[in-house]
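Mapping the sequence shown onto my numbering, position 109 (from 1) lands on 233, and the numbers just tick up by one.
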Amino acid sequence: MRENWKEAAFGMFFWVAMILLFVQTIVLPAEKDRLARIYMPVILKSAQGLREGSRVTVLGVDKGTVLHLTYLPVDRIGRIITEEDIGSGRQQGQKVLAILHMNDPVELRPDYRISTRYTTVISDKVVDIHPGNGPVADIMPVSYLSPNEVFYLMKHGRISLAGKTIPEAQNFDDPLTAVADVLSENRIALRHVIRNTREITDKINKGHGTIAALINDDRLMLGLEETLLEADGLVRDGRDLYESLRESRASIDLMEGYLIPVISVAAGAP
């Protein structure tokens, strides 16, 4: 009986020690890490190209990831409608709410800039944060979310943001998308340009019009060729004349040197 009691006490002591070790090494550090996490809410006009897990950079340095994306109702002037006013009929649209899981707090100044953009044409979209410049007194009070608020948002799809200061981001599409949008917006004008170009090309190819006649008429081409040949011959004759004059210059100088004294003597010059 005494030996059984010792075995039971040893077993109980072993399991208590294991539980304490588990709590000390896993539960408490995990809870501390959970409480130390920084969840930064950001308002986006569109989440196109973003996904959960997308990179978040501060001045180009990786500082976190996108944890969650959802959209919230807004009123006529773009203000987010609180959870209490959802059924009031004030909703006029939606805006995207992105929860950024940051490694460190971000100190935003009034001239901050947050943008979603592609670093290269074929890369994934990132959220880039430029905190801005200014003294410490100008730092904006960003309202970070607690783990419980983030859990509630991810579970119920809504959250009360009354009284919170939430920064807004700008969206920049990749160059290919921007070009496609420009082409789509100006497709009617592009059709007119293409049709006019096609008509002009057809007229030129079929020989209608002044330019087409100048291009397609063989007589004009032959006349132009003859004119160029005559011009080439004229240039050659001029060059030969110049060479002849330069060669005869020595004879002219010799004659001038001989005739001038003779004429001077005949005229009675001293």
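Note that beta-carbon positions come from the ideal geometry of N, C-alpha and C, so glycine has one too.
Name the two residues that bound the continuous beta strand (DSSP E) containing residue i.
i       : result
Pro-271 : Note, Pro-271: premise wrong, no beta strand (DSSP E); alpha helix (DSSP H) at 271–280.
Ser-163 : First, the amino acid is wrong: residue 163 is Tyr here, not Ser. Note, Tyr-163: beta strand (DSSP E), 162–168.
Buried or exposed: which applies to residue i, given that a residue is buried once 16 or more other Cβ atoms fall within 10 Å of its Cβ?
i       : result
Leu-358 : exposed
Met-278 : exposed
Ser-240 : The sequence given here places Thr at residue 240; Ser does not occur at that position. So Thr-240 counts as buried.
Lys-156 : Here Lys-156 scores only 49 on pLDDT, less than 50, and its place in the model is too uncertain to base an answer on.
Ser-178 : buried
Ala-160 : Reliability of the predicted coordinates at Ala-160 is poor, the pLDDT of 49 falling under 50, and the value obtained from them is presented with this limitation in mind. Ala-160 comes out exposed.
Gly-287 : exposed
Ala-171 : buried
For residue i, which of helix, strand or coil comes out of DSSP?
i       : result
Val-306 : helix
Gly-177 : coil
Met-264 : coil
Ser-368 : helix
Thr-189 : strand
Arg-241 : strand
Ile-92  : Summary: the structure shown does not reach residue 92, with the chain confined to residues 125 through 394, and so no result is reported for it.
Val-230 : coil
Leu-285 : coil
Ala-293 : coil
Ala-68  : Because residue 68 is not part of the residues shown, which for the chain are 125 to 394, the question remains open.
Leu-183 : coil
For residue i and residue j, what's the separation of their Cα atoms in angstroms?
i       : j       : result
Tyr-242 : Ser-267 : 27 angstroms
Ala-355 : Arg-363 : 12 angstroms
Ser-270 : Glu-292 : 19 angstroms
Thr-244 : Leu-196 : 30 angstroms
Thr-397 : Val-182 : No statement about residue 397 is possible, as the shown extent of the chain runs from 125 to 394 and does not include it.
Asp-238 : Arg-311 : Strictly speaking, residue 238 in this sequence is Ile, with Asp absent from that position. Ile-238 and Arg-311: Cα-Cα distance of roughly 32 angstroms.
Ile-328 : Arg-322 : 10 angstroms
Starting from residue i, follow the alpha helix (DSSP H) in both directions and report where the run begins and ends.
i       : result
Asp-248 : Careful: Asp-248 lies outside any alpha helix (DSSP H) and carries neither H nor E.
Leu-314 : 311–330
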